[in-house]
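**Student:**
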Amino acid sequence: MIESHRQISHYTSSFKGRIRRILEFKVLGFWRKRIAENMANQFYPERVITMGPDFSCAEWLMNAGATSILLSDGTIIKSQKEMRFFLKNHGFDINNLQPVAPETKIAEEFYSKNKRQSSINNDIKYDERWKHVSSIHIKEIDATDAVITDKGFNYLQECKSIESLKLNFNDYFGDEGLLQLSHGRIPRTLRKMEICFNPALTERSALILSKFRQLKRLHMYFLPNVSKREAMLRQLKISLPHCKITFPEPFFIGMGYESEEERAAYKRIEKQKKINDPKKKP
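Just so you know, we're using this note's numbering here: the sequence shown kicks off at 1487 and counts up by one.
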């Protein structure tokens, strides 16, 4: 009887311990996301108005820890230091910006959602609005390991020429972030996109990604919150018939770049191992 009580006590304490660890993990994740939102992803429209969409986006990306960005003049920026140096060479001291007066036309239009959207949809209005900023644009973004949240995607909305976007190992954005991205100019210019190791994206993202009609290459890997991977892949291939899309089953540690032949060879090897060692549990 005593031994039975000890076993019950052990299992109860073990169960409580697991629950406590799960709750601690969720609470920690919540606060990590809040910190990421407040520290690196606050949207400051006045900085966009002053520096223009691309330069303010470059500042945000580097502050969020992005790996690199390639600009239309060939410049590659890989750190906050390089970002500050580049912006200073183009007349912007990010620690002492001279903001555009709020009563000016550009500020009034930018703060109006409808007028802002008309600029996104109309190239003439876009050129008129941003004629006071540099003609240098972001071409490629590698945001691997960046602390990007849904709010941060506001900075990408009016970027004019982004062709390649990598969003790998980004834990803090989900479907809402992609939805925000789809409302901007990027669906008109983006040719290549990569999303790997994101725990928040769901099957809903397939409907959002289908709006990126200019995509020629889309690669996804290890999205654990997507429960119907094959169905999502089929839907994307129907929606984007001119895009090469890969969303492999997560067999390998890595980015899922292995070819179908390599995956088939791996499966054959694993199958042969089981045949050679039938006593080994799967």
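Glycine included, each C-beta is placed from N, C-alpha and C at the ideal position.
(1) Can you give me the Cβ contacts of residue 1756 inside the same chain, cut-off strictly under 7 Å, excluding the 5 residues immediately before and after it?
(2) Helix, strand or coil for residue 1636, going by three-state DSSP, please let me know.
(3) Buried or exposed for residue 1577, please, with buried defined as at least 16 other CB atoms from any protein chain shown within 10 angstroms of its CB.
(4) Residue 1625 and residue 1558 look like a contact to me (Cβ under 8 Å); what is the Cβ gap, rounded to whole Å?
(5) So, at 6 Å on beta carbons, what are the nonlocal neighbours of residue 1650 in its own chain, with the 5 sequence-adjacent residues on each side left out?
(6) Since residue 1430 is in the beta strand (DSSP E), which residue starts that stretch and which ends it?
(7) Tell me whether the segment 1564 to 1578 and the segment 1632 to 1644 touch, counting them as touching only if at least three CB pairs, one residue from each stretch, are closer than 8 Å.
(8) What does the alpha-carbon distance come out to for the pair residue 1544 and residue 1754?
(9) Please go through the same chain and pick out, in chain order, the residues whose beta-carbon is closer than 6 Å to the beta-carbon of residue 1750, but skip the five residues on each side of it.
(10) Please specify which runs of the beta strand (DSSP E), each continuous and at least 3 residues long, are wholly inside the segment 1671 to 1741, giving them in chain order.
(11) According to DSSP, is residue 1755 helix, strand or coil?
(12) Over what stretch of residues does the alpha helix (DSSP H) that includes residue 1610 continue unbroken?
(13) Check the DSSP bridge columns for residue 1557 and list the partner residues they point to.
(14) Give a yes or no on contact between the segment 1650 to 1659 and the segment 1682 to 1696, applying the rule of three or more CB pairs nearer than 8 Å.
(15) Round the Cβ separation of residue 1552 and residue 1609 to the nearest angstrom and send it over; I've been treating them as touching at under 8 Å.
(16) In its own chain, which residues sit with a C-beta less than 6 Å from the C-beta of residue 1698, not counting the 5 before and 5 after it?
(17) Give me the Cβ distance between residue 1571 and residue 1561, rounded to the nearest whole Å; I'm assuming they're in contact under 8 Å.
(18) Using the C-alpha atoms, what's the distance from residue 1584 back to residue 1532?
(19) May I ask which residues mark the beginning and end of the alpha helix (DSSP H) holding residue 1668?
(20) Can you grab the Cα-Cα spacing for the pair residue 1715 / residue 1569, in whole Å?
(21) Out of 1702, 1736, 1738, 1696, state which residue places its alpha-carbon closest to the alpha-carbon of residue 1718.
(22) Pick helix, strand or coil for residue 1507, following the three-state DSSP scheme.
(23) Less than 7 Å separating the beta-carbons of residue 1538 and residue 1616?
(24) Would you call residue 1740 buried or exposed, if buried means 16 or more other Cβ atoms sit within 10 Å of its Cβ?
(25) With the cut-off set at 7 Å, would you say residue 1652 and residue 1680 are in Cβ contact?
(26) Got a sec? Which residues, its chain only, sit under 8 Å from residue 1700 by beta carbon, not counting five neighbours each side?
**Tutor:** This is what the structure gives:
(1) none
(2) helix
(3) That one is exposed.
(4) 5 Å
(5) Residues 1626, 1678 of the same chain have their beta carbon placed closer than 6 Å to that of residue 1650, with the five preceding and five following residues left out of the count.
(6) Here the chain comprises residues numbered 1487 to 1768, so residue 1430 is not present and cannot be evaluated.
(7) With a cut-off of 8 Å, the segment 1632 to 1644 and the segment 1564 to 1578 do not count as touching, because too few Cβ pairs lie within range.
(8) Taking the straight line from one Cα to the other gives about 46 Å.
(9) There are no such residues.
(10) Correct list: 1678 to 1682, 1703 to 1707, 1730 to 1732.
(11) helix
(12) 1609 to 1615
(13) 1624
(14) Counting Cβ pairs under 8 Å, three or more are found: they touch.
(15) The pair is not a contact, with the Cβ atoms about 27 Å apart (cut-off 8 Å).
(16) Cβ contact annotation for residue 1698 (same chain, cutoff 6 Å, sequence separation greater than five): 1673, 1676, in chain order.
(17) In fact, because the Cβ distance is near 10 Å, the residues do not count as touching under 8 Å.
(18) 10 Å
(19) 1661 to 1668
(20) 38 Å
(21) Cα-wise, what sits closest to residue 1718 is 1696.
(22) With a pLDDT of 48 at residue 1507, under the threshold of 50, the modelled position of this residue cannot be trusted, and the question is left open.
(23) yes
(24) exposed
(25) Yes, they are a contact pair.
(26) Hits under 8 Å: 1673, 1674, 1675, 1676, 1677.
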